[in-house]
Structures are given as C-alpha cells and as structure tokens.
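Per the UniProt record's numbering, residue 1 is the first one in the sequence shown, and the count goes up by one each step.
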Amino acid sequence: MSGPQAKALERFAQSSPSPILLTTSPRNTQPQCAVCAVKIIWLKSLGHKVIAMQWTMLLMLSWTVLALVWLGELLRQSSKTGWYYPLLPLAVGLAYWLKPELPVLPEWLAAGLFLWGALTLVWLISLVKRDASIMDIAYGLLLTALPWWAWQHSGANPQALPLLLLSSIGFGRYSLYILWRNLPHGEDARYARWRQRSGRKWWWWSYFQVFLLQAVVMWIWAYPLVVAVTQPQPLGGWAIAGAVVWLIGFVFEAVGDWQLAQFKRRRSSSAQLLDTGLWGLTRHPNYFGQAAMWCGYGLVAMASPYGWLSVLPIAYVVWFMYTGSATSLMERHMQKTKPGYADYCKRTPAFFPRIKS
C-alpha cells in the first residue's frame with residue numbers, strides 16, 4: 001500500500017488512543033472506547049476503499065495491455081475503424097481512479113466488468129465450438145441478466161422492478177428468436193468471412209474484433225439501464241414516456257421479426273423481397289424497434305441523478321442502427337442478393353417509418 005492511502009493509515013495509527021490509557025482511566029473508558037470504535041470502523045472502511053482502488057488499478061493495467069494489442073492490430077490494417085473502443089474504458093477507469101466519489105461511475109464500471117468477464121467466457125466457448133456467431137445469442141442473454149445483476153448489487157430497490165420486467169421481456173424475446181434462428185445453421189456468414197479473412201490469427205483476433213468490441217458497445221448502451229435500476233425514481237412523466245416509446249419499439253422489433261420469419265417460410269425463392277407489413281413502412285423495422293426500446297430506457301433514466309448523460313449512449317444507439325454498422329452491412333448484402341432492392345429503397349425509408357395515408 002502506498003501513496004495518500006498509506007499516509008492516511010499512518011496518521012490514523014498515530015492519533016489512535018493507547019490501550020493503556022483506556023485501562024488506566026476508568027471514568028473515561030466509555031467515551032474513549034466509543035472514539036476508538038469509530039476510528040476502527042473508519043479504518044476498515046478506508047482499507048476497503050484502498051483495496052478497491054488497488055483492484056481498479058490492476059484491472060486498468062490489464063485493460064491497457066489488451067488495448068495496446070487491439071490498437072496495434074488495428075494500425076496494421078488498412079481500416080482504422082473503431083480505434084476509440086479500446087480507449088473509452090480506460091478514460092472512464094481513469095476518471096474513477098481520480099474521483100472515486102463520483103456517482104454512477106462505480107455501478108457503470110462494475111457493469112463493464114460483468115460484460116468483460118462474461119464475454120471472455122463466451123469467447124472461450126466459441127473457440128471450442130468454432131462458432132463466433134454465438135455472440136449474437138450472448139448479446140440478448142447478457143443484457144437480460146445485466147440489469148438484474150446491477151439491481152441486486154445496488155440494494156434491490158423494488159421501484160426498479162417494472163423497468164427490469166420490461167428489459168427482461170425485450171431482451172429475453174430477442175435471445176429466444178436469435179437462438180431459434182441461428183442454432184440449426186452453424187456459424188453466421190459474417191463471422192465465417194472474418195474467420196477466412198483472418199486465417200490462423202482468428203482464434204485470438206476474434207476476442208478483440210467480436211467479443212471485446214461487443215462488450216464495449218453493450219457497456220455504452222447499457223448506461224441508461226444501469227442508472228435507472230440502481231437509482232430508481234417514483235413513477236412519473238419520464239417513466240411513462242419511456243414505457244410508451246419502449247412499447248412502440250417492442251412492437252416494431254417483435255412483429256417485424258415474426259413477419260420476416262413467416263415470409264421466409266412461405267417464399268418460393270431466396271431472391272424474393274418482403275415489402276409488406278412493417279417492412280413496407282421501413283426497410284429495417286427490427287433495427288428501428290430496438291433503437292426505440294433503448295430510447296425508452298434512456299427516457300426512464302432521465303429522472304435519475306446523472307440520467308441526463310443517457311443522451312450520449314442513446315444517440316450512439318440510434319446512429320449505430322440508422323447509419324452505422326447495423327444497417328450498412330445489411331444494405332450491402334441486400335443490394336447484392338435482391339434484384340428489386342434498389343426500387344424498394346426508392347419507395348421505402350431506411351430507418352424511420354413512414355406512415356402511409
């Protein structure tokens with residue numbers, strides 16, 4: 001132990017009452033014992049904080065090593081996309097190290113550690129199965145578990161139960177759908193292409209390109225949920241608005257997935273295009289729906305202390321689903337495989353639904 005913490009402990013030891021004084025002054029024994037007990041409690045509290053800060057430093061050093069490897073490999077590639085993902089956890093960890101009393105940061109960092117550890121385990125499973133697309137299944141499962149874990153470790157305030165129920169329904173449904181869709185077909189084509197392109201280094205590079213990347217993205221997106229379930233507020237306007245937006249998003253995502261599954265079951269050719277139902281209002285009702293659900297969580301979080309910071313992760317979710325990786329990858333694939341997709345794009349908006357009169 002070193003630094004300010006060690007000096008504080010030394011000052012405490014020098015200022016503590018002597019045991020001899022406690023036994024040689026009977027009339028003052030109780031007051032001195034009370035002072036001593038308070039100092040012992042304070043010492044234990046300080047010791048716990050020192051241990052927590054030491055663990056924080058150890059974890060920051062571990063992540064720094066991973067970030068250097070991650071950034072080094074990105075610099076070797078022609079595309080430097082995503083260079084900021086390894087750096088964000090370091091910035092937040094440094095803020096916590098310098099100002100551990102800042103609210104929300106401990107809970108959010110703990111959520112990041114939960115995702116980091118869980119997705120490291122999922123990565124190891126993917127090596128055994130030779131299937132990195134299990135990440136898609138883990139996404140929904142972990143986001144179902146994370147709010148409950150954060151809630152339990154913050155005192156389990158029952159005011160958060162309605163939000164926990166909504167998030168469990170949303171992410172639980174998504175997990176079951178992805179499990180039903182992907183399990184019989186082996187590794188998804190996207191991951192198979194990355195595996196082929198990376199060659200022999202894929203076994204370790206997949207940890208960064210797939211699992212750590214998703215851990216950071218999920219951690220950023222989960223900020224509103226962590227804030228809302230660890231610092232829940234009484235039912236009010238923000239919560240009602242959030243529930244309404246969440247419900248709209250859930251309908252778009254769930255019904256859109258169901259319509260697509262029914263269409264694939266009935267179609268006579270893989271070149272056929274679904275352009276009816278919700279897919280006639282937007283080319284990506286499932287992406288719009290998931291973004292709207294995240295916006296709902298953000299609105300609920302607005303009532304909590306530091307909930308206003310949810311604007312940043314929610315803006316990132318909408319960008320990611322609207323113009324980021326989610327839609328761009330799908331659009332390129334559809335342009336190549338669906339002959340009528342260009343005409344479909346002309347009459348149907350990409351993301352935000354257009355209600356037809």
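Backbone N, C-alpha and C define an ideal beta-carbon position, used for all residues, glycine too.
How would you call residue i, buried or exposed, if buried means at least 16 neighbouring beta carbons within 10 angstroms?
i	result
THR81	exposed
ARG283	buried
SER328	exposed
MET57	exposed
ASP343	exposed
SER25	Residue confidence for SER25 is low, a pLDDT of 46 falling below 50, so the modelled location carries little weight; the figure read from the coordinates is stated next. Answer is exposed; the Cβ neighbour count stays below 16.
TYR297	buried
ILE314	buried
LEU77	The sequence given here places Gln at residue 77; Leu does not occur at that position. Per the 10 Å Cβ criterion, exposed.
GLN196	exposed
TRP83	exposed
LEU278	buried
VAL128	exposed
PRO339	exposed
PHE320	buried
TRP308	exposed
ARG27	No answer about ARG27 holds up, because its pLDDT of 49 lies below 50 and its placement is not dependable.
THR230	buried
ALA292	buried
ALA303	buried
TRP97	exposed
LEU299	buried
GLY93	buried
TYR150	In the sequence on display, residue 150 carries Ala and not Tyr. Buried, because 16 or more other Cβ atoms sit within 10 Å of the Cβ of ALA150.
In three-state terms, what does DSSP make of residue i?
i	result
residue 368	Only positions 1 to 357 of the chain appear in the structure, and residue 368 is not among them; the question remains open.
GLU253	helix
ALA91	helix
PHE288	helix
SER62	helix
GLU187	coil
ALA350	coil
LEU274	coil
ARG197	helix
TYR96	helix
GLN77	coil
ALA315	helix
ASN28	With a pLDDT of 49 at ASN28, under the threshold of 50, the modelled position of that residue is not reliable, and the figure given next carries that caveat. Helix.
TRP83	coil
CYS345	helix
GLY236	coil
GLN209	helix
Answer yes or no: do residue i and residue j have a C-beta to C-beta separation smaller than 8 Å?
i	j	result
TRP116	ALA215	yes
TYR341	MET330	no
ILE134	SER175	no
PHE114	LEU146	yes
TRP123	PHE211	yes
SER62	SER126	no
ALA301	VAL227	yes
GLN159	PRO234	yes
PRO224	SER310	yes
ALA95	LEU102	yes
THR348	ASP275	yes
TYR191	ALA118	no
PHE351	TYR322	yes
Thinking residue i and residue j are a contact (beta carbons under 8 Å), I'd like their distance in whole angstroms, please.
i	j	result
MET218	LEU143	6 Å
TYR306	LEU213	The Cβ separation is near 26 Å, so there is no contact.
ILE169	GLY140	Contact flag wrong, Cβ pair sits at about 11 Å.
LEU281	ILE355	7 Å
PRO232	ASN157	5 Å
Taking CB distances under 8 Å as the criterion, tell me whether residue i reaches chain D.
i	result
HIS153	In the displayed structure, chain D is absent; only one protein chain is listed.
Check: Do three or more CB pairs link the segment 162-181 to the segment 227-246 at distances below 8 Å?
Finding: Flag = yes, the segment 162-181 and the segment 227-246 touch.
Item checked: Segment contact flag, the segment 264-271 with the segment 65-80, C-beta cutoff 8 Å, min 3 pairs -> Cβ pair count under 8 Å is below three, so no.
Notebook entry, point to check: Does the segment 247-261 come close enough to the segment 279-294 to have 3 or more Cβ pairs within less than 8 Å?
Noted result: Output reads yes: the segment 279-294 touches the segment 247-261.
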